[in-house]
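Numbering-wise (the numbering used here), the sequence shown opens with residue 30 and increments by one. Cβ atoms here follow ideal geometry from the backbone N, Cα and C, with glycine treated the same way. Comments concern the structure below.
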Amino acid sequence: MISVIITAYNIVKYLEKCVESVIGQTYKDLEIIIVDDGSSDGTEKLCDGLLLKDSRIVVVHKENGGLSDARNAGLDIAKGEYISFIDGDDYIDKEMYEYMIAAFGDRTDISFVACGVIKYYSNSDFREMLVSDKFKIYDRKQAYRGFFKTGEDTIGNSSCNKLYRYELFENLRFKKGIVCEDIELIYQLLDRCSYVACVPKAFYHYMYREGSITTSGFSIRRLDLLEILSEMGEFIQSAYPDLVFDFKTYELLWLIGFWDGAEQCGGKNEIRQRRNYIKRRIRENMKYYSNKSIYFKKGYRKLFLRANGILMHCYGIVKRL
30 MISVIITAYN IVKYLEKCVE SVIGQTYKDL EIIIVDDGSS DGTEKLCDGL LLKDSRIVVV
90 HKENGGLSDA RNAGLDIAKG EYISFIDGDD YIDKEMYEYM IAAFGDRTDI SFVACGVIKY
150 YSNSDFREML VSDKFKIYDR KQAYRGFFKT GEDTIGNSSC NKLYRYELFE NLRFKKGIVC
210 EDIELIYQLL DRCSYVACVP KAFYHYMYRE GSITTSGFSI RRLDLLEILS EMGEFIQSAY
270 PDLVFDFKTY ELLWLIGFWD GAEQCGGKNE IRQRRNYIKR RIRENMKYYS NKSIYFKKGY
330 RKLFLRANGI LMHCYGIVKR L
């Protein structure tokens, strides 16, 4: 059985489509857990109405505690061997679970399966992002490298494009009160994985809707990720030292993004301190690229030029590190 955890907070316009996409799955052995995270726009009533649609549906009402808290509430009561997370304003293709369950095959050492995502930025603007161009199985280190990559051969930062064995979550939950809960959890889950499978299909439909956390612009809460990256870096350095280069490249991408958004919130002193901190982290990361020829390899040059440009802005010259 798959326990599908659908989180819902003030999404009355979208939730029914999401739930219908789960009810209509060709794979039928499902437990559908809808967690109402303290909604006040009618979502809470809709949840109770959806109970009548399918006997597999369970509804949990709770005080508002954020996405992590809602997912944890679902995990705490889930009974399935497998776990899937869906944000209640998204939806999935009807064959998603049948296909992903089949990807496990007879192997008990595959810890989770990842699929591609179709991202909708507006009614007419969308992009299909595949995790792989063919069926692949990664060992743990390859999976970490896939997590640290963007573009091709990435397992993705989202929890929603994956089907997990429930055992991965034993004594492990999403961290409450942060925005980047997926990244904070997935790097810890990967340490528990033996193998990870990626399928060449995009089944998950991710909606960028106005007013959501993703589209709300840069905010001080997004800086949670700086602390997460710091903790992740210490972990990788200790447990997987041969993956430090991959992690540093991944972190550098985020730091550059934060540099561009750092001045969008807070007072002058806060912005100055934040930028000094980001600058220092960028400079520390650049020290790992002692082989200058790598600057000009495909996929790296633009990143390094941007990082050096930030250092030039700060110091007046490009530091030779």
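- Ile147 and Val41 have their alpha carbons spaced roughly 22 Å apart.
- If you check the CB distance, Tyr224 and Tyr167 come in under 8 Å.
- One alpha carbon belongs to Leu197, the other to Leu219, and they sit about 9 Å apart.
- As the crow flies, the alpha-carbon of Ser140 is around 33 Å from that of Asp77.
- Close CB contacts of Glu124 within its chain, under the 6 Å cut and outside five residues either way in sequence, are with Thr55 (chain order).
- Non-local beta-carbon contacts of Ile86 in its own chain, meaning distances under 7 Å to residues more than five positions away in sequence, involve Ile61, Ile63, Leu79, Leu80 in chain order.
- Residue pairing from DSSP places Lys91 in a beta bridge opposite Asp66.
- For Ile311, the enclosing alpha helix (DSSP H) starts and ends at 297 to 315.
- By the criterion of a C-beta distance shorter than 8 Å, Tyr128 is surrounded in its chain by Cys144, Val228, Lys230, Phe232, once the five residues flanking it on both sides are discounted.
- Distance from the CA of Phe176 to the CA of Arg304, rounded to the nearest whole angstrom, comes to 26 Å.
- In the structure shown, Arg169 falls within a helical segment according to DSSP collapsed to helix, strand and coil.
- For a cut-off of 8 Å, the C-beta gap from Glu280 to Leu258 is around 5 Å, short enough to register as a contact.
- For Lys178, the closest of Tyr126, Leu159, Arg194 by C-alpha to C-alpha distance is Leu159.
- In this structure, Asp70 lies away from Thr36, with their beta-carbon atoms at least 8 Å apart.
- Approximately 11 Å separates the beta-carbon atoms of Val51 and Leu44; this is outside 8 Å, ruling out the contact.
- Straight through space, the alpha carbons of Tyr216 and Ser188 are spaced by roughly 11 Å.
- C-alpha of Met315 to C-alpha of Ile106: approximately 45 Å in a straight line.
- When DSSP reads this structure, Asp116 sits in a beta bridge with Thr36.
- In the structure shown, Met30 falls within a coil segment according to DSSP collapsed to helix, strand and coil.
- For the pair Phe203 and Arg100, the CB atoms are nearer than the 8 Å cut-off.
- Contact check for Leu272 and Ile265: beta-carbon distance about 5 Å, within the 8 Å limit, so the pair qualifies.
- Scanning its chain for C-beta atoms nearer than 6 Å, with the 5 sequence neighbours on each side dropped, one finds around Gly117 the residues Ile35, Thr36, Ala37, Ile40, Leu44, Cys47, in chain order.
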